[in-house]
Amino acid sequence: MNNQEHSATRTPQPYSNEEAPPDMSSTHVREDVAKAGRCANVHLATGRTCTLPKRHPGSCNFVGPEDAESVAVK
Ligand SMILES: [Zn+2]
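Using numbering that gives the first Met the number 0, the first residue of the sequence shown is number 0, and each one after it goes up by one.
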């Protein structure tokens, strides 16, 4: 098999260090966002929240408070 294709559409993610251990006690999670079934990981440096589905593959996609608010369960 010679499937050595180089897909130029796939840009490498610069966030390879972003993977946190599955220890939720040391992770900041927004509860109202987590209740919506989201990852809800909070990026402490920026205060942004990940609104991707829970256990999503790859790195988190942190969004601002307003976007997080729109998916949060009140
Ligand atoms: Zn995430």
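From the three backbone atoms N, C-alpha and C, an ideal C-beta is built for every residue, glycine too.
Practice prompt. Give the DSSP-derived three-state secondary structure of residue 72 in the structure shown.
Written response: coil
Discussion item. Between residue 27 and residue 38, how many whole angstroms is the CB-CB distance? I'm expecting something under 8 Å.
Written reply: Not confirmed; about 12 Å, so no contact.
Discussion item. Let's test the definition: count the other Cβ atoms within 10 Å of the Cβ of residue 44 and tell me whether it reaches 16, buried, or not, exposed.
Written reply: exposed
Worksheet item: If you drop the 5 nearest sequence neighbours on each side, which residues of the same chain put their C-beta closer than 7 Å to that of residue 65?
Response: none
Worksheet item: DSSP beta-bridge partners for residue 49?
Response: 61
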